[in-house]
Amino acid sequence: MSIINVKPDIQDVRLSDIKPAPYNPREIAPESLAGLRQSLEKFGMVDLLVVNKRNMHIISGHQRFKILQEAGVDSVTAIMVDVDEVSEMAMNVTLNSQEITGRWTAALVPLLERLRTENADD
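Per our numbering, residue 1 is the first one in the sequence shown, and the count goes up by one each step.
Here it is as structure tokens:
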């Protein structure tokens, strides 16, 4: 039996009910935010926000939330978790850690070149 939860609680939530975590330690440069906006416009919302049910704090997805608000979106599908404040903060750091999610390898260079060539008009 696996101890990994493979069936998250997914719900539609009004953006007005969700709050950015007051301690969120990340920020984004304007040009990166613009790139994220372009990605959302092209691919849609394929990475859900993670929200704590207890206080409606965003655990993961602050920048996507900001873009959705600016776009006038009313509600979003989110993964809802029920955790205490310390676990919430740990999840925030963990879900946003590039060290945990992996590093790019040298294979990125030819992949980016191919994408530039094949998507020159995008």
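Beta carbons: idealized from backbone N, C-alpha and C, even for Gly.
Using 8 angstroms for Cβ pairs, my map puts residue 48 next to residue 58. What's the rounded Cβ distance? Within the sequence shown, numbered from 1, the residue matching residue 48 stands at position 48. Within the sequence shown, numbered from 1, the residue matching residue 58 stands at position 58. The Cβ separation is near 11 angstroms, so there is no contact.
Worksheet item: Taking the alpha carbon of residue 17 as the point to measure from, which residue in 24, 69, 43 and 7 has its own alpha carbon closest?
Response: Residue mapping note: residue 17 aligns to position 17 of the sequence shown, counting from 1. For the residues 24, 69, 43 and 7, the minimum Cα distance to residue 17 belongs to 69.
- Segment limits, alpha helix (DSSP H) that includes residue 52: As a working mapping, residue 52 is identified with position 52 in the sequence shown. Secondary structure note for residue 52: it is in no alpha helix (DSSP H), and the uninterrupted beta strand (DSSP E) holding it is 49-52.
Let me know if residue 60 comes out buried or exposed under the rule of 16 or more other beta-carbons within 10 Å of its beta-carbon. Position 60 of the sequence shown, counted from the start, is the residue given in the question as residue 60. Flag for residue 60 reads buried.
- prompt: Is the distance from the Cβ of residue 79 to the Cβ of residue 10 below 7 angstroms?
  reply: As a first step, residue 79 must be located in the sequence shown, where it is residue number 79. As a first step, residue 10 must be located in the sequence shown, where it is residue number 10. Cβ atoms of residue 79 and residue 10: closer than 7 angstroms.
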